[in-house]
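Trainee:
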Amino acid sequence: MPISPFTLLHVLSLAAVSLSPIPAQAQLANTFKYVGLSGVSAQQLFLGTMNKVYIVDKTENNNATVNGHPAWATEYDLTTNTFRTMDVLSNSFCAGGTVLGNGTWLNVGGNQAITYGGVSMPTAQQSGQSPYKDWDGGKAIRLIDPCDDESCEWVDNPAMYMTSRRWYPTLETLEDGSAMIMGGCEWGGYVNYADNQNNPTVEYFPSKGQPFTLNFLLKTMPVNLFPLIWLLPSGNMLVQAEFQAEIFDYKNNIEYPINDIPDCVRVYPASAGTAVFPMTPENNWTATIIFCGGTFLEADQWTTTWAINTYPANQSCVKISPDVDLTWYHEDPLDTGRSMGNFINLPDGRLFYVNGAHLGTAGYGPEDWTIGQSYADQPLYQSWYFDPKAASGSKWSKAAVSPIPRMYHSVASLLPDGSVIVSGSNPNADCDKELNTTYTYFTQYQVEIFYPDYWDKPKPNPTGMPSQITYGGDPFDIHLTLSDLANNTMNINATRAVIIRTGFSTHTMNMGQRHVELETSFTTQDDGGAVLHVAQMEPNPAILVPGPALFFIVVNGVPSNASWITVGDGTIGQQTIKAKSVLPRSQISAQLMAQYGGSYSRSGSYVVAGQSDGCKSKNIVNTGQMIGLVVMSLGLLGILI
């Protein structure tokens, strides 16, 4: 009696489950785990190597010291969960950052030199005279080339500083591996002000000339600190602040206003969570940006004369795909209003959403209505997954609950094993836990690792992982065993090659974070394994800019450990662009088919090995393809049983 392909699929899936090894780390899946101390408060954080995370704080009275003064930077070792203090010359309070095309990390801007309690030093004492020995960081350019041998240090040289002050600037790496530096203010404050405060200009590092004015930053007062910016595949920029948004053609210095963002303010200090959805062959590498949470206040309400920390945050989510459609669309809302929630791109295509508070906004101050000094209250401990591909109404699902309140100045970043590091939270002018025991929300030094729900599943361990990805050029091969495919050869059709730039995490943003899927095809092997043929990056650096990134193979939603790659030439400058990769057509082994008595009628993008029609193809499933793979897998099932 004939058996339907759907029945075969069901039988095969049951067999694959029964044959899967028992995972060793099942107890960690969908949990947070405390692993160590950061040494300094993690206001800014980025993954610098496979094993090292770099943390930068504002100048303050951290217990960790370096060269005779409190430290405000550390290098965190992911293997030993210990830190090494690092010396930074200037006050890096609310600096921005990104990684350049040559792998050098850039940390830009800050505020005046300060003394105890975060009080500014006199103008004449801004070059190391304070008890903290900090310098004025308003114009600072700080550089580091990360290392694994503890030989690297921050370069913070006043001779390299900018010509204007920037506190709360945003950075975005460009197609040539240089960095755009946008906006900020000169002297600090809750929001921006026009008089002797706003810096409405854009400049580049390395320098491409004098800073120039962006009109958008004149029109969006007072809430345009840390403006939200993304390089789009078109080569233009999406810029968002206050309720306004625009497309900025930075190559020709032309600004195109678009419709206002709905519902609320998303930029700091409203501090919505933002991220770019995965850019994939399926969506033609389109950038869709999501904004979740924030605060609905009009321009004249951004003052500290009222109890901001009693005002609920917004729960709406909206998205836009500026290169194809300038319309804002609503997404599934949050479960409750949230400010300071942080989105992290996971290798499986979902977003992880963590940290934040229900009431108030980012910021702190001395007002009599603050919670200690915090402008926010009711921290939200529940983290979430957001699945862009799920049906409307079902895109959010619960992740784990952390016991630690993570609000203002908290951070998160993806790690090479597919977990997420979470740290920080410091809504205080200085580290006053010992000095003022009345505070509700203290400075947090605990480092947690979040283990996503795929952690209890056996990881694929592919071979042939790359160390460099070029823009166009010859494809390369990744080899997967039957075990890598979770004992189901059919999983090759659910295998993805993914690149993630983890970004520079600060103030609810991961500047430069991206998830890009490469085009693939495959060839199955007689032993049940397969070769995944992987295209190089599309020949367009605006899709994914040059520099370091993580490369994952994801099998049926379970990521491998990443390899560390360089995208592009590893330099700052015009990148080498080659012809678009041409993949071989996906093939199922004729020997395998014949050996187990299967029959296969070539369909869609698959071809039996030894047959060819000279066409290239994408990895796209249709009914004929699925039936062919079921027949092949039924033969494998006979051996496995």
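Take the sequence shown: its letters are residues -26 to -1, 1 to 615, numbered as in mature numbering (1 follows the signal peptide of the UniProt record, and there is no 0).
Even glycine gets a Cβ: it sits at the ideal position worked out from N, Cα and C.
For clarity, every value in this text was computed on a predicted model and none was experimentally measured.
What are the complete beta strand (DSSP E) segments, minimum 3 residues, inside the region 365 to 429?
Mentor: 370 to 375, 384 to 388, 394 to 398, 420 to 425
Trainee: For the pair the region 513 to 523 and the region 61 to 77, tell me if three or more CB-CB distances fall below 8 Å.
Mentor: Between the region 513 to 523 and the region 61 to 77 there are three or more inter-stretch CB-CB distances shorter than 8 Å, so the stretches are counted as touching.
Trainee: Determine the extent of the alpha helix (DSSP H) in which L191 is found, giving its start and end residues.
Mentor: On the sequence shown, residue 191 is found 217 positions in, with the first residue counted as 1. Here the alpha helix (DSSP H) through L191 covers 190 to 193.
Trainee: Go to T144, then tell me how far its beta strand (DSSP E) extends in each direction, as first and last residue.
Mentor: Taking the sequence shown and counting its residues from 1, one reaches residue 144 at position 170. Unbroken beta strand (DSSP E) run through T144: 144 to 147.
Trainee: Could you give the residue range of the beta strand (DSSP E) that holds A231?
Mentor: Sequence index remark: in the sequence shown, residue 231 carries index 257 (1-based). A small correction: the amino acid at residue 231 is Pro; Ala does not occupy that position in the sequence shown. Counting along the chain, the beta strand (DSSP E) containing P231 begins and ends at 228 to 232.
Trainee: Hey, which unbroken runs of the beta strand (DSSP E) at 3 residues or more fall wholly within the region 262 to 340?
Mentor: 263 to 266, 291 to 295, 299 to 305, 316 to 319, 325 to 328, 331 to 338
Trainee: May I have the straight-line CA-CA distance separating Q499 from T437, to the nearest angstrom?
Mentor: As a first step, residue 499 is located in the sequence shown; it is residue number 525 there, counting from the start. As a first step, residue 437 is located in the sequence shown; it is residue number 463 there, counting from the start. In a straight line, the C-alpha of Q499 is about 15 Å away from that of T437.
Trainee: So is D342 buried or exposed if we call it buried at 16+ other beta carbons inside 10 Å?
Mentor: Mapped onto the sequence shown, residue 342 falls at position 368. Under this definition D342 is an exposed residue.
Trainee: Can you name the start and end residues of the beta strand (DSSP E) that L212 belongs to?
Mentor: Here the question's residue 212 lines up with position 238 in the sequence shown. Residues 211 to 215.
Trainee: Rounded to whole angstroms, what's the CA-CA distance from Y425 to D322? Just pull it up for me.
Mentor: Here the question's residue 425 lines up with position 451 in the sequence shown. Here the question's residue 322 lines up with position 348 in the sequence shown. For Y425 and D322, the distance between alpha carbons rounds to 13 Å.
Trainee: Express the C-alpha separation of I517 and E146 in angstroms, rounding to a whole number.
Mentor: Translated into positions along the sequence shown, residue 146 becomes position 172. Translated into positions along the sequence shown, residue 517 becomes position 543. So the alpha carbons of these two residues sit roughly 13 Å apart.
Trainee: Using the rule of at least 16 other Cβ atoms within 10 Å of the residue's Cβ for burial, across every protein chain shown, is W259 buried or exposed?
Mentor: In the sequence shown, residue 259 corresponds to position 285, counting from 1. It counts as buried.
Trainee: Just to confirm my understanding: we take D427, look at its own chain, exclude 5 residues before and 5 after, and list those with CB closer than 6 Å. What are they?
Mentor: Along the sequence shown, one-based indexing puts residue 427 at 453. Closer than 6 Å at the Cβ level, and outside the excluded window around D427, lie A3, N4.
Trainee: For Q18, which three-state DSSP category applies?
Mentor: Taking the sequence shown and counting its residues from 1, one reaches residue 18 at position 44. In this structure, Q18 counts as strand in the three-state DSSP scheme.
Trainee: Between L354 and G330, is the Cβ-Cβ spacing less than 7 Å?
Mentor: Counting from one through the sequence shown, the residue named residue 354 turns up at place 380. Counting from one through the sequence shown, the residue named residue 330 turns up at place 356. Contact flag set, yes.
Trainee: Let me know the secondary structure DSSP gives L74 once reduced to three states.
Mentor: The residue labelled residue 74 in the question sits at position 100 within the sequence shown. Three-state DSSP puts L74 in coil, outside helix and strand.
Trainee: Might you give, ordered along the chain, the residues of its own chain that have their beta carbon closer than 7 Å to the beta carbon of P286, omitting 5 neighbours on each side?
Mentor: Locating residue 286 in the sequence shown gives position 312, counting from the first residue. Once the five neighbours on either side are set aside, the close Cβ partners of P286 are G311, H332, L333.
Trainee: For G477, verify whether its CB is less than 6 Å away from any heavy atom of the ligand SAM.
Mentor: As presented, the structure is devoid of all ligands, the ligand SAM included, so that no description of it is given.
Trainee: Determine the burial state of P132: buried for a count of at least 16 other Cβ atoms within 10 Å of its Cβ, exposed for fewer.
Mentor: By one-based count along the sequence shown, residue 132 stands at place 158. Result: exposed.
Trainee: Taking the alpha-carbon of V14 as reference, which of D122, F6, I29, K7 has the nearest alpha-carbon?
Mentor: Counting from one through the sequence shown, the residue named residue 14 turns up at place 40. Cα-wise, what sits closest to V14 is I29.
Trainee: So, does the region 294 to 312 touch the region 499 to 513, judging by three or more C-beta pairs under 8 Å?
Mentor: no
Trainee: Quick one: using the 10 Å Cβ neighbour count with 16 as the cut-off for buried, is K182 buried or exposed?
Mentor: Numbered from 1 along the sequence shown, position 208 holds the residue referred to as residue 182. So K182 counts as exposed.
Trainee: When we look at the beta-carbon of Y135 and count the other beta-carbons within 10 Å, is it buried (16 or more) or exposed?
Mentor: The residue you call residue 135 lines up with position 161 of the sequence shown. When all chains shown are included, Y135 counts as buried.
Trainee: Taking the alpha-carbon of G91 as reference, which of V394, D150, L148, N36 has the nearest alpha-carbon?
Mentor: For the purposes of this step, residue 91 is identified with residue 117 of the sequence shown, where counting begins at 1. When each option's Cα is compared against that of G91, the closest is N36.
Trainee: If you draw a straight line from the C-alpha of K592 to the C-alpha of H507, how long is it?
Mentor: Taking the sequence shown and counting its residues from 1, the one referred to as residue 592 is at position 618. Taking the sequence shown and counting its residues from 1, the one referred to as residue 507 is at position 533. Residue confidence is low: K592 scores 40 on pLDDT, short of 50, so the model does not pin down where it sits. Its coordinate-derived value is still stated next. K592 and H507: Cα-Cα distance of roughly 11 Å.
Trainee: Check for me: the beta strand (DSSP E) holding M156 runs from which residue to which?
Mentor: Looking up residue 156 in the sequence shown gives position 182. Residues 153 to 156.
Trainee: Does the distance from the C-beta atom of T417 to that of C405 stay below 7 Å?
Mentor: Here residue 417 corresponds to residue number 443 of the sequence shown, with the count starting at 1. Here residue 405 corresponds to residue number 431 of the sequence shown, with the count starting at 1. A contact, by the Cβ cut-off of 7 Å.
Trainee: Closest by CA to F179, which one among F251, Q171, L117?
Mentor: Here residue 179 is taken as the residue at index 205 of the sequence shown, counted from 1. Out of F251, Q171, L117, L117 has the C-alpha closest to the C-alpha of F179.
Trainee: Sort out for me which residues DSSP pairs Y28 with in a bridge.
Mentor: Against the sequence shown, residue 28 aligns to sequence position 54. Paired residues: F20, E49.
Trainee: Across which residues does DSSP place K7 in a beta bridge pair?
Mentor: As a position in the sequence shown, residue 7 is number 33, starting the count at 1. I423.
Trainee: Who does V508 pair with in a DSSP beta bridge?
Mentor: Against the sequence shown, residue 508 aligns to sequence position 534. Partner(s): F450, T494.
Trainee: In the DSSP output, which residue or residues are listed as bridge partners for V443?
Mentor: Numbered from 1 along the sequence shown, position 469 holds the residue referred to as residue 443. Note that residue 443 corresponds to Ile in the displayed sequence, not to Val. Per DSSP, V541.
Trainee: By DSSP, does Q171 sit in helix, in strand, or in coil?
Mentor: Here residue 171 refers to the residue found at position 197 when the sequence shown is read from its first residue. The answer is coil: DSSP assigns Q171 none of H, G, I, E or B.
Trainee: My understanding is that E112 touches G84, with C-beta atoms under 8 Å, so please give their C-beta distance in whole angstroms.
Mentor: Translated into positions along the sequence shown, residue 112 becomes position 138. Translated into positions along the sequence shown, residue 84 becomes position 110. Here residue 112 is Gly; the residue named in the question, Glu, does not match the sequence. The Cβ separation is near 6 Å, so the contact holds.
Trainee: Would the beta-carbon of I539 fall within 7 Å of that of A504?
Mentor: As a first step, residue 539 is located in the sequence shown; it is residue number 565 there, counting from the start. As a first step, residue 504 is located in the sequence shown; it is residue number 530 there, counting from the start. Taking 7 Å as the Cβ cut-off, I539 and A504 do not qualify as a contacting pair.
Trainee: Hey, could you find the ends of the beta strand (DSSP E) W204 is sitting in?
Mentor: Here residue 204 is taken as the residue at index 230 of the sequence shown, counted from 1. Start and end: 202 to 205.
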